[in-house]
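Chains as they are written, first to last, in the working numbering: chain U, 1 to 336; chain A, 1 to 336; chain P, 1 to 347; chain L, 1 to 347. Note that beta-carbon positions come from the ideal geometry of N, C-alpha and C, so glycine has one too. Please read these numbers as outputs of a predicted model, since none were measured by experiment.
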Amino acid sequence: MTTTAPDRQQVGLDDEARLGLYATMVLARRFEEAILAEYHADKGPGFDIGKGLVPGEMHLAAGQEPVAAGVCAHLRSDDAITATHRPHHFAIAHGVDLGRMAAEIFGRETGLGHGRGGHMHLFDPETHFSCSGIVTEGYPAALGQAFAFVRHGTDRIAVAVTGDGGANQGAFHESLNLAACWKLPVVFVIEDNDWAISVPRSASTAVSSNATRARAYDMPGVRVEDNDVEAVYLAASEAVARARAGDGPSLIEVHTLRLWGHFEGDAQGYRPELAEVVGHDPIPSYETKLRSDGILDDSRRDKIYQQAGERIEQAIAFAKSSPLPDPSTARSYIFA
Amino acid sequence: MTTTAPDRQQVGLDDEARLGLYATMVLARRFEEAILAEYHADKGPGFDIGKGLVPGEMHLAAGQEPVAAGVCAHLRSDDAITATHRPHHFAIAHGVDLGRMAAEIFGRETGLGHGRGGHMHLFDPETHFSCSGIVTEGYPAALGQAFAFVRHGTDRIAVAVTGDGGANQGAFHESLNLAACWKLPVVFVIEDNDWAISVPRSASTAVSSNATRARAYDMPGVRVEDNDVEAVYLAASEAVARARAGDGPSLIEVHTLRLWGHFEGDAQGYRPELAEVVGHDPIPSYETKLRSDGILDDSRRDKIYQQAGERIEQAIAFAKSSPLPDPSTARSYIFA
Amino acid sequence: MVVTESTVEAGLGGTHRLTTARAMVEAIEIEMRRDASVFYLGEDVGAYGGIFGSTTGLLDEFGPERVIDTPISETAFIGLAIGAAVEGMRPIAELMFADFMGVCLDQIYNHMAKIHYESGGHVKVPMVLTTAVGGGYSDGAQHSQCLWGTFAHLPGMKVVVPSTPADAKGLMASAIQDDNPVIYMFHKGVMGLAWMAKNSRAIDLVPEGLYTVPIGKAKVIRQGSDVSVVTIGLSVHHVLDVAENLAGNVDVEVIDLRSLVPLDREAILASVSKTGRLVVVDEDYLSFGLSGEVSATVTDVDPTMLKMPVKRVANPDTPVPYSRPLEYAILPRQDRIEAAIREVASA
Amino acid sequence: MVVTESTVEAGLGGTHRLTTARAMVEAIEIEMRRDASVFYLGEDVGAYGGIFGSTTGLLDEFGPERVIDTPISETAFIGLAIGAAVEGMRPIAELMFADFMGVCLDQIYNHMAKIHYESGGHVKVPMVLTTAVGGGYSDGAQHSQCLWGTFAHLPGMKVVVPSTPADAKGLMASAIQDDNPVIYMFHKGVMGLAWMAKNSRAIDLVPEGLYTVPIGKAKVIRQGSDVSVVTIGLSVHHVLDVAENLAGNVDVEVIDLRSLVPLDREAILASVSKTGRLVVVDEDYLSFGLSGEVSATVTDVDPTMLKMPVKRVANPDTPVPYSRPLEYAILPRQDRIEAAIREVASA
Ligand SMILES: Cc1ncc(C[n+]2csc(CCOP(=O)(O)OP(=O)(O)O)c2C)c(N)n1
Ligand SMILES: Cc1ncc(C[n+]2csc(CCOP(=O)(O)OP(=O)(O)O)c2C)c(N)n1
Ligand SMILES: [Mg+2]
Ligand SMILES: [Mg+2]
């Protein structure tokens, strides 16, 4: 099933909601632009991955904001998300505190994990957000969160995210089957950005749509072909409602776009379509749509950008002004 | 797709071939009956799994002979099989030497693995047969054998076997996807005997037919609903031909029957349908069919049983008269 | 002088005689009654009652909502336990054999064991992973391993290995109550199963009611002055057999570590500083494991404690062979243990 | 007296200067030219050339039939390599980070490592599993581990860890030619990558043409009489830095093990019997791993060799923290190494 023309009214996509989707995407993008700048600011001369205020691997999700914004618009902060090595857009769309997230990325004591985790290991119990650097191994934990939510008698749900590459990992199969057998309230999301680092989807995946795979678990599956936040929103609305109603899991694959490299420092020499990529940026195209629908104008746009900018500036400032952890505490938190 | 009425002529199922299928099943059954007797002969008083000439776990495949006979009838001894913890019927149908297999089961120096392996770890380079005690972890090696066969410019193929329980293991998903992506000459077989030890298929598998799962890899998949050797033969004939022709992998699920316990010593208290099981034994029913088709009569039947009995007697005698390994050689064969 | 300590430490009220398996189940029952967030999941843990009797009877009392059979999907169901623990439940997940860790180790050591640390202590993972270990009954190379050295090497999880019914109960209760992930490894040979060779101590007195044994405390099972034997699991019993046999000749002190993480280094040092002679008996692989760590515990502090070379009686880095004479040759059985003790005591 | 052995052992013909990564690739190239059954598979080993440069240029010369990008399905493709090896090919499979072993360990230790034994020697599995290890650049708890202790604990596979360009080449050639499974663990910090901090020895002389280094032989990288430092991987360079720094003060002997399995126990014993003082430097986790095994190697034979307690400078059983000051605190860096050597040398 390919969804391209959502019926907005039916799913509560009024003007306010549409602006909300836009604002979420802008916030995520601006945040990652800021991290991008900070990351590269002090890696030189040349590029040394271990150097600078933000060292280590950095996987940014620019271009994939429609997935996070469209899915998370349906979630409450007591719903859970297990995200991937590319987690920021989902964290932001789900409402993880920007300052504590930035502080974690800067390795500060005030970070979500007191600097222990880093950008691939963000844990926020307040919004039940987590992520993992091991491909698709975040899926199973979502099952357990969903299980606990049911046992606690709530209608809370869990969202599990992986990529097109990750959908070929064993954990994918086991998780979908178990969630279906036990009718767990989970929404499985695949961000298909055409690439797993340098390996194109065509070389990794025997089937053109992972929605097909949902049928292998007797589960609804949908592939959203356009990297369009409203199409994602619509698909997610069904999947989330189904999960909340106790009707079991669903799978949503979104054909999205990785605007930048797999990680920072990736020269992307393997990527033939690189030049065209920037023309497919989903944020300007959504802006155009909102403008043509008369919902967005310059002043509203500016306000959204300004608010995002301020929040991010504050977050980065908080991170930078926070203390680094004391080396003598390196062994704290191994055991509770 | 459910196959119940094979067109025998089209696939070369002449009288001789049908008698061959019958004889293979009889040989496998008689072998396991002999092992069963030997296994229980000296476990007492009571039942001590570590005691006797054949100690350890013992997983017998009685009732599942149609799967092995129907698939292996299409194979040559230079084709490969990776079987499961329940391997004897496939080993026998593929032509593994009975004496050396029995000797391995008796832990003798003359066994396939000089007594190192045991009944879950039978390796026969002559027939490219192997098995593994870890559920579905035999699947990946079949890919590699198939890969080597292609690279060597041959039309040899590999068969990988698992059970209904095993089809929910991550290795299943990864193997089918990779084999499909690389168009490897593999036939994936699932023996659905309704149970994974005490867990019924309905509690482990979200989908009623694993043939559905083949579609998740853009691969032909067929479920054979009857535990009928000719139905299996027919399904396998297509899958094997496809693999040999270089057209890639297929999946065959057979709804078969575990006549005995999961392993010896299993009281099967969990199994409500236990009383009916014996009535569904596939060997008498095939015998009836062959008789009514005028192919089998008492004398032919007796001859088949007698030949099987002699071979098995010889094999067991060979095993029992072979020396146990010298304890001082326990550390031989760790490295080549 | 030979003193064999009672296996039973102070409990509340009386005692009763149980097999190790039954004692383990008793602890689970009590915790499940006390705490609705405890549940048990794994393969064949329901109607079957656990292949090695680890859950016998639980389904009857607690029903399929709390004693749950899973598909053969260890990554998924152990990960499920992790997620449920993160949300405040106290799951017990069973990996049928430790030998199968390879299909789900990522969940265990990269997630279960690391989430608390990576989250800077904000997320707790209070769960127990139970698993059967050990050989001796011809189950071959993929069903006979101990592998506790592997789990213990990877930080962030506690690793306990009971050898007696009382410890099986007390350590299980502690494991369930612990706010950290605990791997609970039960040797098949100590469980007292009807269908497997039993040692004489597989049925013993167990305190009734609530009873815990602290995790991380070794136990001097037998006091002695000549040689310290440090061991764990089924080997405890083999060592006791030998020690009793040698009594009068060599006065053997036997230390049951009971837990690898935390490792009770004080107990090791206290004993070796007394005897000056150390034998480590470990059914796991020899190299890069428990036996080396015990030796290093001494050399970290004072190598001159050792009057003789240490003897390590372990699996000599050999896949466990199927055939009985071969398997017996690589297992740390009484013959090898006795020879090692005699040699260490000889000068 | 201070003698630093040349890194280069006898080769045929001349030498050239290469990074460690390039030296590793050179060995693969040569073997692929010599032997059509050698192929390389893994994630991003084709056009990308390996995330850590382990395959740069191979695709151009050998094409996508022999340098093969895989899906993110480690169990499937490592298992595929096993099956191909069983049928006589010589695959090299890359596990991008050793930290990912948890998703495919079953194939590695229950299959790759055990098939030869279980088959009674009838089936060989001549393959190499390459994998990147180590931290120091803030990659967090799931991308910075060494884990060689884990692989070395499980029998049936050799485990090598080169620290120099020449050894990277020579050990790779030996690994490919070996009829056994060999795990080849390359520390990211020795590869000489343009985008990561390099030590001064990451580019060095490498013999041209065919060149092998025997697996299982440690190398005395620096001779000394006061303290033996036994180490491996990137730590070799940190230790050399410290040894050069301390020269004149403490005369440090540095042993690069180069291989954990087989472990060159003779080399350890020869050095400690000379110096009587042992420091083990190991970036892997402290407990139940390499450092304990090295200590035990001495106590197995003669604890009185040791004039002082052994110092083990290792990861103190802590998930690798992201934040730089925390990570530097748990890594065996120069400061901790120097303190340990000074302390051991002090009496
Ligand atoms: C089990 C495992 N294998 C390999 C990796 C290395 N790795 C990290 S991200 C990545 C590519 C993931 O591709 P995809 O799932 O499509 O997500 P994307 O990066 O495109 O968002 C790989 C191979 C890993 N982290 N975990
Ligand atoms: C990875 C793994 N998990 C669990 C087991 C234990 N086990 C052995 S056989 C079996 C049941 C297998 O069921 P199925 O695949 O249906 O095959 P069957 O025994 O019915 O032939 C289980 C759970 C194992 N050997 N490997
Ligand atoms: Mg992708
Ligand atoms: Mg079954």
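Residue(s) in a DSSP beta bridge with residue i
| i | result |
| --- | --- |
| Tyr-285/P | Asn-315/P |
| Asp-124/U | Phe-129/U |
| Phe-186/P | Ala-132/P |
| Glu-94/P | Gly-42/P, Thr-130/P |
| Leu-278/L | Ser-228/L |
| Ile-252/A | Val-189/A, Val-222/A |
| His-16/P | Val-206/P |
| Ile-108/L | Ile-108/L pairs with nothing; no bridge assigned. |
| Val-254/P | Arg-222/P, Val-229/P |
| Ala-84/A | Looking at the sequence shown, residue 84/A is not Ala but Thr. Answer is none; Thr-84/A lacks a bridge partner. |
| Val-67/P | Tyr-40/P |
Closest by C-alpha distance to residue i, when choosing among the options
| i | options | result |
| --- | --- | --- |
| Ser-132/U | Phe-172/U, Leu-259/U, Pro-87/U, Val-232/U | Pro-87/U |
| Asp-179/L | Cys-146/L, Pro-126/L, Lys-198/L, Thr-55/L | Pro-126/L |
| Ile-157/U | Ser-198/U, Val-186/U, Thr-136/U | Val-186/U |
| His-59/U | Gly-46/U, Phe-318/U, Thr-84/U | Thr-84/U |
| Ala-267/U | Ile-197/U, Arg-242/U, Asp-298/U | Ile-197/U |
| Phe-106/A | Leu-27/A, Lys-51/A, Val-11/A, Asp-247/A | Lys-51/A |
| Asp-228/A | Phe-172/A, Ile-134/A, Leu-290/A | Leu-290/A |
| Lys-158/L | Val-250/L, Glu-253/L, Gly-216/L | Gly-216/L |
| Ser-332/A | Val-240/A, Asp-247/A, His-114/A | His-114/A |
| Ala-202/L | Gln-177/L, Val-242/L, Ala-166/L | Ala-166/L |
| Ser-130/A | Lys-124/L, Ile-255/L, Glu-338/L | Lys-124/L |
| Lys-183/U | Asp-164/U, Asn-210/U, Arg-151/U, Thr-212/U | Arg-151/U |
| Val-38/P | Val-45/P, Asp-44/P, Ile-28/P | Ile-28/P |
| His-187/P | Ile-341/P, Ser-235/P, Ala-194/P | Ser-235/P |
Tell me, please, whether the region 262-282 of chain U touches the region 205-224 of chain U by the rule of three or more beta-carbon pairs shorter than 8 Å.
-> no
For the region 74-89 of chain P and the region 144-159 of chain U, state whether three or more C-beta atom pairs, one from each stretch, are separated by less than 8 Å.
-> yes
Using the beta-carbon of each residue, find all residues closer than 6 Å to any heavy atom of ligand 4 and list them in chain order.
-> Gly-163/A, Asp-164/A, Gly-165/A, Asn-193/A, Trp-195/A, Ala-196/A
Given a limit of 7 Å on CB to CB distance, which residues of the region 137-153 of chain L reach chain U?
-> Tyr-137, Ser-138, Asp-139, Gly-140, Ala-141, Gln-142, His-143
Pull out every residue of the region 36-61 of chain L whose Cβ sits closer than 7 Å to any Cβ of chain U, in chain order.
-> Glu-43, Asp-44, Ala-47, Tyr-48
Quick check: the region 322-332 of chain L against the region 133-152 of chain L, are there 3 or more CB pairs under 8 Å?
-> yes
Taking contact to mean at least 3 C-beta pairs separated by less than 8 Å, is the region 169-188 of chain P in contact with the region 208-226 of chain P?
-> yes
Check distances from the C-beta atoms of the region 104-118 of chain L to those of chain P and list, in chain order, the residues that come in under 8 Å.
-> Cys-104, Leu-105, Asp-106, Gln-107, Ile-108, Tyr-109, Asn-110, Ala-113, Lys-114, Tyr-117, Glu-118
Spell out a yes or no on whether the region 251-270 of chain U and the region 188-197 of chain U are touching, meaning 3 or more CB-CB pairs, one atom from each, closer than 8 Å.
-> yes
Output, in sequence order along the chain, the residues in the region 308-330 of chain P whose CB is closer than 9 Å to any CB in chain A.
-> Pro-316, Asp-317, Thr-318, Pro-319, Pro-321, Tyr-322, Ser-323, Arg-324, Pro-325, Leu-326, Glu-327, Tyr-328, Ala-329, Ile-330
Which residues, in order along the region 183-208 of chain U, keep a beta-carbon less than 8 Å from a beta-carbon of chain L?
-> Ala-196, Ile-197, Ser-198, Val-199, Ala-203, Ser-204, Thr-205
Proximal residues, the region 251-277 of chain A versus chain U, C-beta separation under 7 Å = none
Can you find at least 3 beta carbon pairs, one from the region 221-240 of chain L and one from the region 258-278 of chain L, that sit closer than 8 Å?
-> yes
For the 8 Å Cβ check, are there 3 or more pairs between the region 60-73 of chain L and the region 161-169 of chain U?
-> yes
Can you find at least 3 beta carbon pairs, one from the region 327-342 of chain P and one from the region 16-23 of chain L, that sit closer than 8 Å?
-> no
If contact means a Cβ-Cβ distance below 7 Å, which residues of the region 61-77 of chain L contact chain U?
-> Asp-69, Pro-71, Ile-72, Ser-73, Thr-75
Tell me, please, whether the region 308-320 of chain U touches the region 25-33 of chain U by the rule of three or more beta-carbon pairs shorter than 8 Å.
-> yes
Where the region 211-234 of chain U meets chain A: residues whose CB sits under 9 Å from a CB there = Thr-212, Arg-213, Ala-214, Arg-215, Ala-216, Tyr-217, Asp-218, Met-219
The region 35-49 of chain U in contact with the region 234-251 of chain U per 3-pair CB rule at 8 Å = no
May I ask you to verify whether the region 291-304 of chain L touches the region 300-315 of chain P, counting CB pairs closer than 8 Å and requiring at least 3?
-> yes
Three or more C-beta pairs closer than 8 Å, one from the region 219-228 of chain L and one from the region 246-259 of chain L: is that the case here?
-> yes
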